[in-house]
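Asker:
Residue numbers (the UniProt record's numbering): 1 to 119.
Have a look at this one:
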């Protein structure tokens, strides 16, 4: 009997923690650390209808994957691949000092990845 190498299953597209430290940034007072999130994982399973719903795959993703796994490729173009991207974001709130050492509240829109999808 032939031996098979063990291959761990690819992780489906989803949000993973991504911690950013502001400890050495003298301008940012708080927070010292923040989980801004990162989208990571495979979108290969998005070609199956039940998995597509679970991975928040878009119609465009489904079309690309259909072309890759049994559809029609035109003009010899490389096959597009679906990727794992943020599909919802949140604001990042922090406190900082200005040039006169006044404490200021500041916001960066769309800095925190809330959820992910295959596109």
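Beta carbons are placed, not taken as given, at the ideal position from N, Cα and C, and that holds for glycine.
None of the values given here were measured: they were computed from a predicted structure.
1. Taking the alpha-carbon positions, what's the residue 119 to residue 98 distance?
2. Considering only C-alpha positions, which residue in the set 100, 112, 103, 41 is nearest to residue 11?
3. What's the gap between the Cα of residue 43 and the Cα of residue 105?
4. Here's a check: name, in chain order, each residue in its chain whose Cβ is nearer than 8 Å to the Cβ of residue 93, leaving out the five neighbours to either side.
5. CB-CB under 6 Å to residue 88, same chain, minus the five flanking residues each way: which ones, in chain order?
Answerer: Looking at the coordinates:
1. The straight-line gap from Cα to Cα measures roughly 40 Å.
2. Relative to the Cα of residue 11, the nearest Cα in the group 100, 112, 103, 41 belongs to 41.
3. 38 Å
4. 105, 106, 107
5. The residues are 114, 115.
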